[in-house]
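Chemist: Input: one structure, supplied below.
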Amino acid sequence: MPVEFLSAEQAARYGRFAVDPTPEQLIRIPFVSLTDRNSTDLLTPRLEPASLPLAPLGLKDCANLSTGVRITRYFFLNEADLALIAERRRDHNKLGFAVQLCALRYLGTFLPNPIQVPRVVVQHVAQQLEVSPEVFLRYALREETRYTHRRDIVAYLGYREFDEFQVFRLIRWIYAHLAVSAVRPSVLFDLATAHLLAQKVVLPGVRVLERLIARVRERYTARSFLGLSRRLNSEQEQVLEQLLVLPTGKWQTPLEVLRTPPSRVGAMSLYHALYRVEQIRAVGVGEVDLSDVPAARQAALIRHALTARVQLIQRMSEERRLATLLVFLQHLERTATDDVLDIFDGLMTSFALRGEARRRRERLRSLKDLDQAALLLREATLMLLDSNLPAERARELALQKLGEQALREAAGKVAALASPDEDTHALALSGYYTTVRRFQRVFLQTITFTGTPTATPLLDALEFLKARDEPGQGKPRWSDAPRSVVPKSWERQVFPFGGQLDQQAYTLCVMDRLHQALKRREVFVERSERYGDPRAELLQGDAWLEARDDVCRALERSLDPRPELELLSIELENAFREVEE
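Reading the sequence shown from the start, the letters are residues 1 to 581 in the UniProt record's numbering.
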């Protein structure tokens with residue numbers, strides 16, 4: 001990473017008055033900042049005020065604030081300020097001292113040359129001191145006086161110089177931030193600036209802070225690459241290196257083949273996608289524990305591996321190359337699993353749509369036979385309901401006139417063709433058993449499913465189907481298949497003859513229930529980005545205890561919950577009062 005990563009505009013705005021302060025910032029309108037447990041450090045620090053002006057609060061709002069809120073007035077001189085300034089004898093020293101004091105409050109640092117202060121600031125401060133603004137030019141003549149005033153101002157406002165101890169504290173804070181995130185250097189520079197302002201540390205020079213961040217970031221990155229590469233054994237390292245070697249007679253390296261996703265939706269595409277998952281798992285790095293590596297840092301390595309050419313990856317240092325391939329292969333396994341499930345979702349959806357369209361076409365073709373049978377049964381029903389005919393002779397006359405065989409055939413046609421008032425989804429999928437069987441065995445053996453307690457019957461049924469396809473003896477019998485997974489809409493298809501189970505319909509029913517459960521997030525898939533269990537991503541136990549200090553330091557939060565709850569109670573009280581008004 002280059003040492004100088006800030007643009008010329010960013011460097012020029014740092015610790016300077018990029019624009020003149022607004023009238024709201026000059027007049028006696030206060031700004032609010034939340035204080036931490038010691039009531040000295042800001043939990044919500046301001047960034048460079050020259051580029052990011054704070055939004056002022058009204059006086060009425062400030063009157064409602066609790067004691068946990070500190071008021072900052074950058075250019076207003078209170079009684080204590082005026083008493084300290086009065087110790088200076090000459091007007092130009094009084095004005096220069098006051099301007100430097102206000103500049104430190106506003107910028108967090110001193111200007112190399114006080115003449116760089118905007119004229120509106122000098123006029124505003126001079127008006128409070130009742131001196132002429134023109135005498136300010138004389139203040140720049142004696143450099144020794146300015147440095148003496150600087151020490152007095154730092155001591156008066158409770159600031160600390162950026163000494164070796166503050167450098168150590170900032171390095172530790174940067175390490176904590178890098179341990180939980182992977183922000184850009186320019187963003188980290190802004191965060192470090194805000195952190196120093198919150199700690200009331202006089203900001204160092206722009207190049208000093210820039211080089212410190214670059215050095216720490218480079219050192220942490222090199223250490224993280226080394227730590228990741230050391231998690232691999234020699235066999236895993238060799239397999240990863242072979243992914244970058246072009247085989248004889250091929251035009252793509254194994255890495256390029258693995259990172260090429262499927263482009264079609266179909267049974268064979270799903271089969272090839274499952275084979276791709278097995279190839280990725282065969283690399284043998286899926287079990288390497290990366291739970292302590294921040295997701296943002298992994299994402300940065302993944303983005304580079306996705307877009308970089310294989311030749312560029314080969315030119316990396318060994319530690320960085322192995323670390324990049326390790327993180328990328330684990331990500332590739334998750335995304336390849338997502339590709340499998342996306343194709344499965346597309347297949348089952350297309351089966352339902354095409355099956356429903358086919359069912360409707362068949363129904364339209366059978367409407368003529370259904371109408372004829374219905375009309376015949378209608379005539380027989382009217383004869384039975386005719387009050388002029390004796391009840392004991394109605395059946396005999398109906399059979400004599402219409403024919404017993406014709407009536408039986410008509411009743412059979414109505415039973416076969418009439419659609420009951422129920423879900424036709426099961427009928428729509430009934431003709432796709434052969435297609436589903438092409439990938440079902442490999443699908444259930446490759447993908448591992450977990451789920452919520454409500455998905456237990458479905459998971460049991462999936463294990464049953466998986467065991468049925470296992471080679472060898474000891475397969476479970478169909479009579480032992482879990483039946484609680486079959487919903488009411490599928491009962492007519494799965495159990496057409498009472499309690500006897502239809503094997504094909506049961507298989508389709510289970511796969512359809514799996515499709516619906518994946519969409520409702522009742523079933524999760526191990527090592528998946530979009531279909532994984534979100535609870536599994538939370539740090540638990542020792543892993544959380546190990547990362548807790550870095551997380552709290554990066555977020556500038558206390559390990560003790562009491563001050564955090566106090567701040568939340570203040571915010572809640574203020575919000576309640578605002579709504580009440």
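Don't be surprised by glycine CBs; every beta carbon is placed ideally from N, CA and C.
By DSSP's criteria, Gly-451 is part of a beta bridge. Which residues make up the other side?
Modeler: Paired residues: Val-523.
Chemist: Give me whichever residues DSSP pairs with Val-201 in a beta bridge.
Modeler: Answer is Arg-160.
Chemist: Indicate the three-state DSSP secondary structure (helix, strand or coil) for Phe-75 in the structure shown.
Modeler: DSSP places Phe-75 in coil when its eight states are reduced to three.
Chemist: Report the start-end ranges of each beta strand (DSSP E) in the segment 222-292 that is 3 residues or longer and not cut off at the edges.
Modeler: None, since the segment 222-292 contains no complete beta strand (DSSP E) of that length.
Chemist: Tell me the rounded alpha-carbon separation between Phe-449 and Thr-109.
Modeler: Taking the straight line from one Cα to the other gives about 57 Å.
Chemist: Just checking my contact of Val-340 with Leu-274 at CB under 8 Å: how many whole Å lie between their CB atoms?
Modeler: About 6 Å; that satisfies the 8 Å criterion.
Chemist: For Ala-481, collect the residues of the same chain with a Cβ closer than 8 Å to its Cβ; drop the 5 residues on either side in sequence, then sort them by chain order.
Modeler: So the list reads Ala-461, Phe-464, Leu-501, Tyr-506, once near-sequence residues are dropped.
Chemist: Below 8 Å CB to CB, which residues in the same chain sit around Arg-438 once its five sequence neighbours on both sides are set aside?
Modeler: Cβ neighbours of Arg-438 beyond the five flanking positions: Ala-267, Met-268, Tyr-271.
Chemist: If we call anything under 8 Å between Cβ atoms a contact, is Tyr-139 one with Pro-114?
Modeler: Yes, Cβ-Cβ distance for Tyr-139 and Pro-114 is below 8 Å.
Chemist: Could you pull out every residue in the same chain whose Cβ sits closer than 7 Å to the Cβ of Glu-48, ignoring the five residues on either side in sequence?
Modeler: Unreliable placement is indicated for Glu-48, whose pLDDT of 37 sits below 50; the coordinate value is still reported in the next sentence. These residues qualify, in order along the chain: Arg-13, Tyr-14, Thr-193.
Chemist: Just the Cα atoms here: how many angstroms apart are Arg-142 and His-149?
Modeler: Roughly 11 Å between the two C-alpha positions.
Chemist: Can you find a CB in chain D that lies within less than 8 Å of the CB of Arg-321?
Modeler: Absence of chain D from the displayed structure is noted, only one protein chain being present.
Chemist: Is it true that the CB of Tyr-74 sits closer than 8 Å to the CB of Arg-119?
Modeler: For Arg-119 and Tyr-74, no; Cβs fall outside 8 Å.
Chemist: Please state if the CB of Pro-453 and the CB of Thr-484 are separated by a distance shorter than 8 Å.
Modeler: According to the sequence provided, residue 484 is Ser. The question's Thr does not apply to it. Contact: no.
Chemist: Using the C-alpha atoms, what's the distance from Arg-169 back to Ala-547?
Modeler: Approximately 18 Å between the Cα atoms of the pair.
Chemist: Please classify residue 649: does DSSP put it in a helix, a strand, or coil?
Modeler: Because residue 649 is not part of the residues shown, which for the chain are 1 to 581, the question remains open.
Chemist: Sort Leu-370, Gly-355, Thr-446 by Cα distance to Leu-427 and report the nearest one.
Modeler: Among Leu-370, Gly-355, Thr-446, the Cα nearest to that of Leu-427 belongs to Gly-355.
Chemist: May I have the straight-line CA-CA distance separating Ser-263 from Ala-357, to the nearest angstrom?
Modeler: Between Ser-263 and Ala-357, the C-alpha separation is close to 25 Å.
Chemist: What does the Cβ neighbour count give for Ala-103, buried or exposed, with the cut at 16 atoms within 10 Å?
Modeler: Looking at its Cβ environment, which holds 16 or more other Cβ atoms inside 10 Å, Ala-103 is buried.
Chemist: Nearest to Ser-186 by alpha carbon, out of Glu-210, Gly-451, Gly-249, Trp-173?
Modeler: It is Glu-210.
Chemist: Can you give, in chain order, each stretch of the alpha helix (DSSP H) that sits fully within the segment 422-478 and has at least 4 residues?
Modeler: Taking only runs of at least 4 residues, the alpha helix (DSSP H) segments lying wholly in the segment 422-478 are 425-429, 433-446, 456-468.
Chemist: Could you give the first and the last residue of the continuous alpha helix (DSSP H) run that contains Ile-27?
Modeler: Counting along the chain, Ile-27 falls outside any alpha helix (DSSP H), and DSSP gives it neither H nor E.
Chemist: In three-state DSSP terms, what is Pro-114?
Modeler: Here Pro-114 sits in helix by DSSP.
Chemist: Which stretch, first to last residue, makes up the alpha helix (DSSP H) that contains Phe-576?
Modeler: It spans 561-580 - the alpha helix (DSSP H) in which Phe-576 sits, taken as one unbroken run.
Chemist: Gln-493 to Asp-369, Cα distance in whole Å?
Modeler: Cα to Cα, Gln-493 sits roughly 23 Å from Asp-369.
Chemist: So, Leu-240 versus Pro-254, is the Cβ gap smaller than 8 Å?
Modeler: It is not a contact, given that the beta carbons lie outside the stated cut-off.
Chemist: Going by the CB atoms, is the gap between Ala-222 and Arg-297 shorter than 8 Å?
Modeler: No, the Cβ-Cβ distance between Arg-297 and Ala-222 is not below 8 Å.
Chemist: Does DSSP put Asn-388 in a helix, a strand or coil?
Modeler: Here Asn-388 sits in coil by DSSP.
Chemist: With a threshold of 16 other CB atoms inside 10 Å of the CB of Trp-478, please say whether the residue is buried or exposed.
Modeler: With fewer than 16 Cβ atoms within 10 Å of its Cβ, Trp-478 is classed as exposed.
Chemist: Can you tell me where the alpha helix (DSSP H) holding Asp-550 begins and where it ends?
Modeler: First-last of the alpha helix (DSSP H) with Asp-550: 541-555.
Chemist: Check this for me: beta carbons of Arg-359 and Thr-424, under 8 Å apart or not?
Modeler: Yes, the Cβ-Cβ distance between Arg-359 and Thr-424 is below 8 Å.
Chemist: Could you give the distance in angstroms between the alpha-carbon of Arg-408 and the alpha-carbon of Leu-429?
Modeler: When rounded, the distance between both Cα atoms is 30 Å.
Chemist: Measuring only the C-alpha atoms, how far is Val-19 from Val-216?
Modeler: Those two C-alpha atoms are separated by around 32 Å.
Chemist: Measuring only the C-alpha atoms, how far is Cys-552 from Leu-559?
Modeler: Cα to Cα, Cys-552 sits roughly 7 Å from Leu-559.
Chemist: Near Tyr-531, which residues of its chain fall below 7 Å by C-beta distance, leaving aside the five closest residues on each side in sequence?
Modeler: The answer, listed in chain order, is Asp-338, Leu-341, Leu-518, Phe-524, Val-525.
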